[in-house]
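Taking it in order: structure first as structure tokens, then the write-up.
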Amino acid sequence: MAVTSKAVPASLGATTESTDKRPNKYRQALPQYTAVAPFFILFAIFGAFPVLFSIWISFHSWDGIGPMKWVGLAQYQYLLTDATFWKTIGNTLIIWVLSTVPMLLLALVIANALHNATRLRTFYRIAYFIPNITSVVAITLVFGSIFSNNFGLLNAFLQSIGLGQVDWLTQPWGIKIAIATIVTWRWVGYNAIIYLAGLQAISADVYEAAKMDGASPRQTFWRITVPMMRPVILFTAVTSTIGGLQIFTESRVLFGDTSSIGGPGDAGLTIVSYLYQSAFIKNQFGYGAAVGWALFILIVLFSIINWRLIGGRDEERLTRRAARRVERKIAAQNAKREAADVH
Amino acid sequence: MTLSRRKFLAAGTALAAAGLTGCGSRSSLGGSNELSMWTWTGSVNDGLIGQAEKAIPGADGMKLAMTRIGSNYKTKVLTALAGKSLVPDIVAINDDVATYFPNADQFHDLYELGAKELEKDFLPWKWKWGVTPAGKMLGYPMDTGPTALFYRTDIFQKAGIDVDPGAVAQLAPDWDTYIALGKKLKQAVPGSAITDNISGIYSYRMAQQPKRYMTPDGKYIGDQDHVRQAFDLAVRVIKEGLSANAQNSTDKNAVVTNGKLVAYNAAVWWAQLGPKNAAPKTKGLWKVTAAPGGAGNRGGSFLGITKYCKNPKAAFAFISWLESAKNQAEAFLDPVLFPSTPASYTDSRLSAPDPFFGGQRIVDVFADSAKKYPGAFFSPYDSIIDTPIGAELVNVEAAGKNPDQAWADAQHQIERELTRAGAI
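Protein chains in written order, with UniProt numbering: chain A, 1 to 343; chain B, 1 to 424.
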């Protein structure tokens, strides 16, 4: 391209002098921009536009067909005084804790076992990952018949060992535990595989050194593995938070697509299922959008908290620890020297 | 043909351009000689649609192109309407047809297309449901959902009750006698239930009433006695221990399969969804009779012609042909849609004895219910009102909530929602 633009000016005269010196920047970059454009065009249409449009809708009252009516902040006002909305936040957080904590702990243990496994490694890795790629709807249907009150497998088992029946799908805690179990079952393998990748990145030297020093497996796990896995744990904690706050399919499939989407007493109604119920069952798209933005703020908030708790100023902490170690070493050397001097 | 990079890129660009400009250029879905129609699975007879796909009777040169929408049917219809392009010509509408009334301008007035002449063929109350309070006809009647009492003859016999449909109807003409009957059944066969859950009683009691939640001029009456009585009746059935407490679909099927549900006041479509699907082994053990508390209706659907329709005349020719008495009788055989045209009820295909119900002619019971049903006004806000009441009823049954508190909470929630919706 540059060659042709140089060849042309002679016949075109003075006006093209500037292009002769400096070929058009934009023209030169055009092929590159064209090459990356499809993503940005698609993103603008299917990503950015809906996001911006949902802000616009949240200031309106709209049933999906007729004209939108501007209501200003009324949807958000309603949201703040809506007992159901606050209840969904509580439900979501409880389900999130009930699922994430056991899930990440289990994943770490499984990853450790996978890391140390000597036989059938690939088989185990695939086996643990399979729940994640199975359809949530299918999983939930299966779990639905496991947890089903009167004729569920779990209750049949409990009764057979004389523990009686638990109303899993009608009692508030039963519902939350059922949903949390499904989430844990589905994501534990996924997180385990991520942890496994993190484990394999830890140099074998560190472990050898620990072995030489006579560290027990437990000490190795808590003193070496966990601290060195910190960035990976942070990653899974943040993604699990985002995922946990967006739990939706499980309760929807357990309790159907009707008005009772959250089960009896709305005990399984999560924020996203409330959003879905408002927008797509009750056709209040403005309110649904407002719930969506409230959820967005919540996710940002929780990601920050997670970051502070688990990752929080990692480098600073490491350098401080290193500095202390150096200080101690110097102190020890000084002590030794002093002892030598005495003699 | 070799595929060079240049050709590949050119083809890709052309496709992308076609895709982007494709939207917005047309307002209705399908080719110029095609009428597009959206419906959900199991709402029309395949044979009849197959005929119309070759040529629509009474509309020369037009063909039908039907799409069965899987789940979230209404959401997809609303999305299409909101997009204002590629909207189907004809849409099926469920029994919540009134929720479309505030947006009646999105549909053709079927009266203007000649519906008036056909009005006499249909059940009057069903016809009225498709007409807005302003007198515009939006929904053309499809099937209905008349209610009746289903019962298990073998269990009734064990309790020493005469199983003849006439005798059972006489034994339990209203809800009080029905509850007494339920108690007798429970004594004879422990564990027997006369409803799957609390909502079953409430919904079917409301389905018998001549009025519901709003008056046609927009006054809220959902806090009045007729609703409270249905609410209290449902609570009473629970307190008597006559509910199977089956809240989800797995449990609902299970109580039919294991014979816990011995009698159920339900709509005609339950015959298929309930016993025939969930408990095929009970074939011959069921019978149907007039429901306690009178005739009722729950469910049933409509057809609407959107304002984007490219040929409203042909569309009306199609829907009036599809919903003629003769063709509705065909749709009753498969997929079991109960006709809204009384002329169908004497059709030999409907009145054939049903072996699943011990050779009973069940159509007589449901036809009677359909004709006697008083009809009630459905407002655009009925589902907003119904949801909190239903949820609170479940709280009473599943969590033991105090019924008075549940009623108060439901009314409070309804008031909030209706105020926001601008209904009151």
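The C-beta atom is built at its ideal place from N, Cα and C for all residues, glycine as well.
Cross-chain neighbours of residue i in chain A, by beta carbon under 7 Å
i	result
B/S249	G256
B/A246	N150
B/L29	None at all; the shortest Cβ gap to chain A is about 17 Å.
Residue environment, residue i, which counts as buried when at least 16 other CB atoms sit within 10 Å
i	result
B/K283	exposed
B/D60	exposed
B/D95	buried
B/Q208	buried
A/R186	buried
B/S25	Low per-residue confidence applies at B/S25: pLDDT is 44, beneath 50, and the placement is therefore not dependable enough to give any value.
B/L303	buried
B/R298	buried
A/A335	exposed
A/K329	exposed
B/T21	Confidence at B/T21 is low in this model, with a pLDDT of 46, below 50, so the placement of that residue is unreliable and no value is reported for it.
A/Q232	Before going further, note that residue 232 of chain A is Val rather than Gln in the sequence given. It counts as buried.
A/T118	exposed
A/L52	exposed
A/L169	buried
A/T34	exposed
A/N112	buried
B/D217	exposed
A/V188	buried
A/H60	buried
A/Q75	buried
B/L242	buried
B/P165	buried
Residue i in three-state terms, based on DSSP
i	result
B/L78	helix
B/F377	coil
B/M62	coil
B/I319	helix
B/P146	strand
B/F107	strand
B/Q209	coil
A/E338	helix
A/N155	helix
A/L234	helix
B/E240	coil
A/P102	helix
A/M228	helix
A/A267	coil
A/R252	helix
A/A14	Note that A/A14 has pLDDT 46, beneath the 50 cutoff, so the model's placement of it is unreliable and the number below is only indicative. Helix.
A/R119	coil
B/I424	coil
B/P57	coil
B/T67	strand
Chain A residues whose Cβ lies nearer than 8 Å to that of residue i
i	result
B/N103	D63, I65, G66
B/I194	Correct list: empty, because the minimum Cβ distance to chain A is about 16 Å.
Chain A residues whose Cβ lies nearer than 9 Å to that of residue i
i	result
B/T41	In chain order: nothing, as chain A lies at least about 14 Å away.
B/T215	Going along chain A, no residue has its Cβ under 9 Å from B/T215, so there is no contact; the nearest lies around 21 Å.
B/Q209	Neighbours of B/Q209 on chain A: none; closest Cβ ~20 Å, over 9 Å.
Listed by chain order, chain B residues near residue i by CB distance under 8 Å
i	result
A/S145	T250
Within chain B, the residues that residue i reaches when beta carbons sit closer than 7 Å
i	result
A/N149	D251
A/Y78	R420
Going along the chain, which residues of the segment 393-410 of chain B sit with their C-beta nearer than 7 Å to a C-beta in chain A? V394, N395, A398, A399
For the segment 262-325 of chain B, which segments carrying the alpha helix (DSSP H) assignment without a break, of at least 4 residues, lie completely within its bounds, in sequence order? 312-322
If you measure beta-carbon to beta-carbon, which residues of the segment 169-183 of chain A are closer than 9 Å to chain D? Looking at the structure shown, chain D is missing, and the protein chains on hand are A and B.
Residues from the segment 260-281 of chain A in contact with chain B, defined by Cβ distance under 7 Å: S260, P264, G265, D266, F280
According to a CB-to-CB cut-off of less than 9 Å, which residues of the segment 262-278 of chain B neighbour chain A? none
Residue ranges of each alpha helix (DSSP H) run of no fewer than 4 residues wholly in the segment 18-46 of chain A, ordered along the chain? 25-43
List in chain order: all unbroken beta strand (DSSP E) runs of 3+ residues lying wholly within the segment 140-226 of chain A. none
Taking a Cβ distance cut-off of 8 Å, strictly less, list which residues of the segment 54-73 of chain B are near chain A, in chain order. S71, N72
Taking beta-carbon pairs under 9 Å, can you tell me which members of the segment 281-297 of chain A lie near chain B? I281, K282, N283, Q284, F285, Y287
Length-filtered (4 minimum) alpha helix (DSSP H) runs lying within the segment 336-400 of chain B: 362-372, 382-399
Proximal residues, the segment 116-146 of chain B versus chain A, C-beta separation under 7 Å: none
Minimum length 4: unbroken alpha helix (DSSP H) runs contained in the segment 62-86 of chain A: 74-80
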